[in-house]
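Participant: Got a structure for you, questions after.
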Amino acid sequence: MTSTSSAHLTCLCGAVSVFGAILAAPELPIYKETCHCNSCRHVTGVLGASFPPLKTAPPQDTLSKLTCYKSSQYITRYFCSKCGSHCFVSSLRSKRWSCLGGIIEQSPSSKADGAPWPKDVVKVWYHDFVLDTLDGGLVPLQLSLDGRSIPTWEAEGPEPPPQDGSFDLPHATVLSLPKKSKTTLPQAKKGSFLPAKCHCGGVSLLIKRASHASTSNPEDSRCYSLSDPTKYLAYFCACRSCRLATGASLVPWALVPPDGIFNANASTSINQGEQPSEDNLKSLIFGYSTSDSDVNPGLMLKHYWSSPDTCWSFCSKCGATMFYWCGRRPKELDLAVGILRSEDGSMARSWLEWDWGRCSFAEECVDGETYEAWLTSRKIMEEIGG
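Each residue of the sequence shown is one higher than the one before, starting from 130 at the first, in the numbering used here.
Structure (structure tokens):
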């Protein structure tokens, strides 16, 4: 076991830096539930989040660098005002503070001393709010981890879980969700749009249905599925930057070309129930052009440049990670999957073609169990007909 005193909590820009001794758990790994609720997905941009508890509130000088967002009657979330990293959560009901699991890493001094570091910072204790996902999200892939059967709960699970290992959502039901979600939707229509929106609604986008035939730029073709021209490609990244930006160890991205994303807040009048068209939509502006604060009217976007050619964009009110852009790939955006509002569920599989098992920068992953589960995802999805 590794003492949590050898860790520290930080954000993407480094403005937040708190000693790991603030963690309530004395040792790593920390066993904690993964929450799959709509609020956590829409406010972080990821598909599930863990919240290790703290002994006390973060220091006041740290809180002064954060923006707070009250996501419900009882929950207040805190993200870095500069880079958007989701860092802390306070619960009025439990009167407890927690951090996002992804912001925990080995402290510079511990690393300099060559101290050992565990394969997992956080291990999944149980899954809750599974039915919020509609399609099961990542839960069908994480029912058994390192020989442990992982309890699954329809909504909020009890803490601690029952000692007899019981839970209210059978694994068989969880495994049926991906296939069930696929069979309830009509056939994909060219010219349709997928809403993408943060938790507070301050950033609302529309994603045009993918179509190989619609792209005028050959470079855009890498965004599309080769097997289904109506879908964009989606994958996970485990790099340190993505982890710190979102607070999660595995971050889901959808690759979308520049002509496929529109500013829903700046659209001309669209009556309720009316299908949008490109004629009354304004394209999203991103990349170097975001230096002009008025380029995306109506959107509460804020941008953090982690390098001269790397830009992270998030909602300035709720902190939701929206998208990522880099100059090395100027003709595409990495869109956070957690903000998508697909009728078939959290993974939006009627719109996205997942590259099962693909994980960029896997060598930087801090939660080995969940990464290894993702490596087996293709086999599991084939077995359950998902």
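The beta carbon of each residue, even a glycine, is placed where N, CA and C say it ideally should be.
Please read all numbers here as calculations on a predicted model, not as lab measurements.
#1: Along the chain, where does the beta strand (DSSP E) that runs through W441 open and close?
#2: Tell me which same chain residues have a C-beta within less than 6 Å of the C-beta of G474, skipping the five on either side of it?
#3: How many angstroms separate the CA atom of E493 from the CA atom of L314?
#4: For P245, which of helix, strand or coil comes out of DSSP?
#5: What separation, rounded to the nearest whole angstrom, lies between the Cα atoms of L272 and S422?
#6: Cβ of Y160 within 8 Å of Cβ of W254?
#7: Should Y203 go down as buried or exposed, given a rule of 16 or more other Cβ atoms within 10 Å for buried?
#8: Classify M130 as buried or exposed, calling it buried when 16 or more other Cβ atoms lie within 10 Å of its own Cβ.
#9: Among S214, R170, Q235, which has the Cα closest to the Cα of D257?
#10: Out of L152, L141, T173, which one is the CA nearest neighbour of K194?
#11: Please say whether V466 and A383 have beta carbons closer to each other than 8 Å?
#12: Spatial neighbours of K248 within its chain, please: CB distance less than 7 Å, with the 5 preceding and 5 following residues excluded, ordered by chain position.
#13: Going by other Cβ atoms of all chains shown within 10 Å of its Cβ, with 16 needed for buried, is Q189 buried or exposed?
#14: Suppose the cutoff is 8 Å on Cβ atoms and the five residues either side in sequence are ignored; what does the same chain contact list for G294 look like?
#15: Please report the straight-line C-alpha distance between R478 and S354, rounded to a whole angstrom.
#16: Does the CB of E492 have a neighbour CB from chain B at under 8 Å?
#17: Report the rounded CA-to-CA distance for P426 versus L413, giving the unit in angstroms.
#18: Who are the Cβ neighbours of S398 in its own chain at under 8 Å, not counting the five residues just before and after it?
#19: What are the start and end residues of each continuous alpha helix (DSSP H) run of 4 or more residues lying completely inside the segment 276 to 344, in chain order?
#20: Determine the extent of the beta strand (DSSP E) in which V380 is found, giving its start and end residues.
#21: Considering only their Cβ atoms, is the gap separating G213 from T450 smaller than 8 Å?
#22: Measuring straight from C-alpha to C-alpha, what distance separates N392 and S445?
#23: Between the C-alpha atoms of W434 and L298, what's the straight-line distance to the nearest angstrom?
#24: Report the rounded CA-to-CA distance for R338 versus C197, giving the unit in angstroms.
#25: Could you give the residue range of the alpha helix (DSSP H) that holds G497?
#26: Is L270 close to the ligand NAD? I mean its beta-carbon at under 7 Å from any heavy atom of the ligand.
#27: How many Å lie between G330 and A377 at the Cα?
#28: Out of D463, S236, G286, R222, point me to the one whose CA is closest to S201's CA.
#29: Run through DSSP, which three-state label would Q235 get?
#30: Under 8 Å, do Y380 and R369 count as touching if we go by C-beta distance?
#31: Can you check DSSP and say which residues form a bridge with T205?
#32: Return helix, strand or coil for G486, following the three-state DSSP convention.
#33: Short of 7 Å in beta carbon distance, which residues of its chain neighbour E156, apart from the five on each side in sequence? Order them along the chain.
#34: State the beta-bridge partners of T163 as determined by DSSP.
#35: Let's test the definition: count the other Cβ atoms within 10 Å of the Cβ of Q292 and tell me whether it reaches 16, buried, or not, exposed.
#36: Which residues share a DSSP beta bridge with F415?
Facilitator: Well, looking at it:
#1: Here the question's residue 441 lines up with position 312 in the sequence shown. Where W441 is concerned, the enclosing beta strand (DSSP E) stretches over 439 to 444.
#2: Counting from 1 along the sequence shown, the entry for residue 474 is found at position 345. The answer, listed in chain order, is T262, L263, D264, S310.
#3: Start at 1 with the first residue of the sequence shown, and residue 493 comes out as number 364. Start at 1 with the first residue of the sequence shown, and residue 314 comes out as number 185. Looking at the two C-alpha atoms, the distance is approximately 37 Å.
#4: What you label residue 245 is simply residue 116 of the sequence shown in a count that begins at 1. In the structure shown, P245 adopts coil according to DSSP, grouped into three states.
#5: Residue mapping note: residue 272 aligns to position 143 of the sequence shown, counting from 1. Residue mapping note: residue 422 aligns to position 293 of the sequence shown, counting from 1. Cα to Cα, the separation comes out at about 45 Å.
#6: On the sequence shown, position 31 is the one that residue 160 refers to. On the sequence shown, position 125 is the one that residue 254 refers to. In contact: Y160 and W254 (Cβ atoms closer than 8 Å).
#7: Your numbering for residue 203 matches position 74 in the sequence shown. Looking at its Cβ environment, which holds fewer than 16 other Cβ atoms inside 10 Å, Y203 is exposed.
#8: As a position in the sequence shown, residue 130 is number 1, starting the count at 1. Exposed, because fewer than 16 other Cβ atoms sit within 10 Å of the Cβ of M130.
#9: Indexing the sequence shown from 1 puts residue 257 at position 128. Of the candidates S214, R170, Q235, the one whose C-alpha sits nearest the C-alpha of D257 is R170.
#10: Stepping through the sequence shown from its first residue, residue 194 is reached at position 65. Checked all of L152, L141, T173; the closest Cα to K194 is L141.
#11: For the purposes of this step, residue 383 is identified with residue 254 of the sequence shown, where counting begins at 1. For the purposes of this step, residue 466 is identified with residue 337 of the sequence shown, where counting begins at 1. Taking C-beta atoms as the reference points, A383 and V466 count as a pair closer than 8 Å.
#12: Residue 248 sits at position 119 when you count from the first residue of the sequence shown. If we look at K248 and ignore the five residues flanking it on each side, its Cβ neighbours are G497.
#13: Within the sequence shown, the letter at position 60 stands for residue 189. When all chains shown are included, Q189 counts as exposed.
#14: Residue numbering aside, residue 294 sits at position 165 when the sequence shown is read from its first letter. The residues are S278, P280.
#15: In the sequence shown, counting from the first residue as 1, residue 478 sits at position 349. In the sequence shown, counting from the first residue as 1, residue 354 sits at position 225. For R478 and S354, the gap between their C-alpha atoms comes out near 12 Å.
#16: Protein chain content of the structure displayed is limited to a single chain, and chain B is not contained in it.
#17: As a first step, residue 426 must be located in the sequence shown, where it is residue number 297. As a first step, residue 413 must be located in the sequence shown, where it is residue number 284. Approximately 10 Å, taken between the alpha carbons.
#18: Residue mapping note: residue 398 aligns to position 269 of the sequence shown, counting from 1. Note on S398: pLDDT 49, under 50, position unreliable in the model; no value is reported.
#19: Runs found: 300 to 311.
#20: Counting from 1 along the sequence shown, the entry for residue 380 is found at position 251. The continuous beta strand (DSSP E) containing V380 extends over residues 380 to 385.
#21: Translated into positions along the sequence shown, residue 450 becomes position 321. Translated into positions along the sequence shown, residue 213 becomes position 84. Cβ distance < 8 Å, so T450 and G213 count as in contact.
#22: What you label residue 392 is simply residue 263 of the sequence shown in a count that begins at 1. What you label residue 445 is simply residue 316 of the sequence shown in a count that begins at 1. Answer to the nearest angstrom: the Cα atoms are 16 Å apart.
#23: Locating residue 434 in the sequence shown gives position 305, where the first residue counts as 1. Locating residue 298 in the sequence shown gives position 169, where the first residue counts as 1. Just so you know, the alpha carbons of W434 and L298 end up roughly 42 Å apart.
#24: Taking the sequence shown and counting its residues from 1, one reaches residue 338 at position 209. Taking the sequence shown and counting its residues from 1, one reaches residue 197 at position 68. Taking C-alpha positions only, R338 is separated from C197 by approximately 35 Å.
#25: One-based indexing of the sequence shown puts residue 497 at position 368. Start and end: 497 to 504.
#26: Among the ligands in the structure shown, none appear at all, so the ligand NAD cannot be discussed.
#27: As a position in the sequence shown, residue 330 is number 201, starting the count at 1. As a position in the sequence shown, residue 377 is number 248, starting the count at 1. Distance between the alpha carbons of G330 and A377: 22 Å.
#28: Position 72 of the sequence shown, counting from 1, holds the residue named residue 201. Checking every option, the nearest Cα to that of S201 belongs to R222.
#29: Translated into the one-based positions of the sequence shown, residue 235 becomes position 106. The three-state secondary structure of Q235, taken from DSSP, is strand.
#30: In the sequence shown, the residue the question calls residue 380 occupies position 251. In the sequence shown, the residue the question calls residue 369 occupies position 240. At residue 380 the sequence reads Val, which differs from the Tyr that was named. In this structure, R369 does not lie closer than 8 Å to V380 by Cβ.
#31: Residue mapping note: residue 205 aligns to position 76 of the sequence shown, counting from 1. Answer is K199, S219, bridged to T205.
#32: Translated into positions along the sequence shown, residue 486 becomes position 357. Looking at G486 - three-state DSSP - the assignment turns out to be strand.
#33: Position 27 of the sequence shown holds residue 156. Counting only Cβ-Cβ distances below 7 Å, and skipping sequence neighbours, we find M130, T131, S132, T133.
#34: Residue mapping note: residue 163 aligns to position 34 of the sequence shown, counting from 1. Answer is S179, H256.
#35: Counted from its first residue, the sequence shown places residue 292 at position 163. With fewer than 16 other Cβ atoms within 10 Å, it is exposed.
#36: Along the sequence shown, read from residue 1 onward, the residue named residue 415 stands at position 286. Under DSSP, F415 shares a beta bridge with no residue.
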